[in-house]
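Engineer:
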Amino acid sequence: MKFFLDTGNIEEIKRIARLGIVDGVTTNPSLIAKEGRVFKDVIDEICAIIDGPVSAEVVSLDAEGMLKEAHEIAKWAPNIVIKLPMTEEGLYACNQLSKEGIKTNVTLIFTPAQGLMAAKAGATFISPFVGRLDDIGIDGMQLIRDLRQILDTYGLESEIIAASIRNLEHVREAALAGAHISTIPGTLVPTLWKHPLTDSGIERFLKDWETVPQAKEAVK
Ligand code: E4P
7 MKFFLDTGNI EEIKRIARLG IVDGVTTNPS LIAKEGRVFK DVIDEICAII DGPVSAEVVS
67 LDAEGMLKEA HEIAKWAPNI VIKLPMTEEG LYACNQLSKE GIKTNVTLIF TPAQGLMAAK
127 AGATFISPFV GRLDDIGIDG MQLIRDLRQI LDTYGLESEI IAASIRNLEH VREAALAGAH
187 ISTIPGTLVP TLWKHPLTDS GIERFLKDWE TVPQAKEAVK
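With our numbering applied, the sequence shown covers 7 to 226.
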């Protein structure tokens with residue numbers, strides 16, 4: 007499974023990308039607003055750091071406006087992916103852009119039917135929101151399982167981005183459910199590598215090392 011970072015924060019992206027574990031970045035208008043910076047500046051900087059797909063979202067509600075924004079944003083960098091809302095207008099824009107060879111990510115997907123429509127319209131990526139479904143008492147992970155089965159059954163080429171990921175368990179389940187990608191908030195990423203037994207294990211090894219006669223010379 008690939009890992010995308012779900013953030014517009016450059017410092018966060020730099021810190022985590024240096025580990026070689028980041029395959030792409032997703033942003034949305036809320037994440038961009040949190041940074042208090044010009045949209046294009048943020049996306050330009052992300053695209054310069056990250057080699058993989060970087061999703062930048064349009065804000066128009068009509069297809070004409072979406073396409074206008076998309077064509078402008080697509081010029082910013084070769085790894086740009088245009089993020090479009092899961093609406094009738096969004097589907098039309100997705101289909102047009104896919105015919106032009108511009109990569110798309112259809113976002114705010116909450117049902118298998120929505121995911122199927124986006125895939126049929128030619129979306130490069132589809133983004134089902136796991137956490138927001140859990141928030142209203144619906145099993146968000148079931149949507150990932152359903153979508154993976156649907157895409158495989160009909161040979162549809164879109165990749166599933168498990169979005170609205172809130173915890174480590176979501177990441178584990180998304181991987182098992184066959185999500186191609188999980189997009190993860192920067193603040194959650196350290197939980198992927200941290201474990202209390204790793205920390206206490208290191209502490210014990212270092213304590214024991216102190217009792218090894220040549221330890222001090224050996225490390226100097
Ligand atoms: C996905 O592309 C979205 O940016 C994101 O995952 C939304 O997550 P949230 O529900 O935590 O806002």
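Beta carbons: idealized from backbone N, C-alpha and C, even for Gly. Bear in mind the structure is a predicted one, so any value in this text is a computation, not a measurement.
Looking only at its own chain, which residues have a Cβ that is under 8 Å from the Cβ of K20, when we skip the five neighbours before and after it?
Structural biologist: On the sequence shown, residue 20 is found 14 positions in, with the first residue counted as 1. I55.
Engineer: Grab me the residues of M92's own chain with a C-beta within less than 7 Å of its C-beta, minus the 5 sequence neighbours each way, in chain order.
Structural biologist: Residue mapping note: residue 92 aligns to position 86 of the sequence shown, counting from 1. Cβ within range, chain order: V112, T113, L114, I115, Q120 and A124.
Engineer: What residue does the beta strand (DSSP E) around K8 start on, and which one ends it?
Structural biologist: Reading the sequence shown from its first residue, position 2 is the one you call residue 8. Here the beta strand (DSSP E) through K8 covers K8 to D12.
Engineer: Going by the CB atoms, is the gap between I52 and V31 shorter than 7 Å?
Structural biologist: Stepping through the sequence shown from its first residue, residue 31 is reached at position 25. Stepping through the sequence shown from its first residue, residue 52 is reached at position 46. Yes. Within cutoff.
Engineer: Restricting to Cα atoms, I'd like to know which of T204, R151 and D145 is closest to A181.
Structural biologist: Counted from its first residue, the sequence shown places residue 181 at position 175. Minimum Cα distance to A181 is reached at R151.
Engineer: Given a cut-off of 7 Å on the beta-carbon distance, is the pair A129 and L103 in contact?
Structural biologist: Along the sequence shown, read from residue 1 onward, the residue named residue 129 stands at position 123. Along the sequence shown, read from residue 1 onward, the residue named residue 103 stands at position 97. No.
Engineer: Going by Cα to Cα distance, which pick from A99, A168, G184 and V136 is closest to R154?
Structural biologist: Along the sequence shown, one-based indexing puts residue 154 at 148. It is G184.
Engineer: Check whether the segment 56-67 touches the segment 23-39, counting contact only when three or more Cβ pairs, one atom from each stretch, lie closer than 8 Å.
Structural biologist: The answer is yes - the segment 23-39 touches the segment 56-67, with three or more Cβ pairs under 8 Å.
Engineer: Smallest Cα separation from S164: which of R172, E94, E179 and H186?
Structural biologist: For the purposes of this step, residue 164 is taken as the residue at position 158 of the sequence shown. Looking at the Cα atoms, H186 is the closest of the given residues.
Engineer: If you follow the beta strand (DSSP E) that E106 is part of, which residue opens it and which one closes it?
Structural biologist: The residue labelled residue 106 in the question sits at position 100 within the sequence shown. Segment: none, E106 is in no beta strand (DSSP E) and carries neither H nor E.
Engineer: From Y160 to I132, what distance separates their C-alpha atoms?
Structural biologist: By one-based count along the sequence shown, residue 160 stands at place 154. By one-based count along the sequence shown, residue 132 stands at place 126. Their Cα atoms are separated by approximately 15 Å.
Engineer: On the three-state DSSP scale, how would you describe F45?
Structural biologist: Reading the sequence shown from its first residue, position 39 is the one you call residue 45. Helix, per DSSP.
Engineer: For the alpha helix (DSSP H) holding S170, just list the boundary residues, first then last.
Structural biologist: Working through the sequence shown from its first residue, we reach residue 170 at position 164. Looking at the DSSP string, S170 is not in any alpha helix (DSSP H), and its letter there is neither H nor E.
Engineer: Report buried or exposed for D68, applying the criterion of at least 16 other Cβ atoms within 10 angstroms of its Cβ.
Structural biologist: Here residue 68 corresponds to residue number 62 of the sequence shown, with the count starting at 1. Classification for D68: exposed.
Engineer: Taking a contact to mean a Cβ-Cβ separation below 7 Å, would you say G168 touches V136 in this structure?
Structural biologist: Residue mapping note: residue 168 aligns to position 162 of the sequence shown, counting from 1. Residue mapping note: residue 136 aligns to position 130 of the sequence shown, counting from 1. For the sequence presented, residue 168 should be read as Ala rather than Gly. Yes, the Cβ-Cβ distance between A168 and V136 is below 7 Å.
Engineer: For V177 and T189, I'd like the C-alpha separation in whole angstroms.
Structural biologist: Start at 1 with the first residue of the sequence shown, and residue 177 comes out as number 171. Start at 1 with the first residue of the sequence shown, and residue 189 comes out as number 183. The straight-line gap from Cα to Cα measures roughly 9 Å.
Engineer: How should I79 be labelled, buried or exposed, when 16 other C-beta atoms within 10 angstroms of its C-beta is the threshold for buried?
Structural biologist: Here residue 79 refers to the residue found at position 73 when the sequence shown is read from its first residue. It counts as buried.
Engineer: Cα-Cα, which of D158, D141, I166 and D140 is closest to P6?
Structural biologist: Past the boundaries of the shown model lies residue 6; the chain is included only from 7 to 226, so the question cannot be answered.
Engineer: Entirely within the segment 16-102 and at least 3 residues each: give me those beta strand (DSSP E) ranges in chain order.
Structural biologist: Runs found: 30-32, 60-63 and 86-91.
Engineer: What would DSSP say about P191, mapped onto helix, strand or coil?
Structural biologist: For the purposes of this step, residue 191 is identified with residue 185 of the sequence shown, where counting begins at 1. The answer is coil: DSSP assigns P191 none of H, G, I, E or B.
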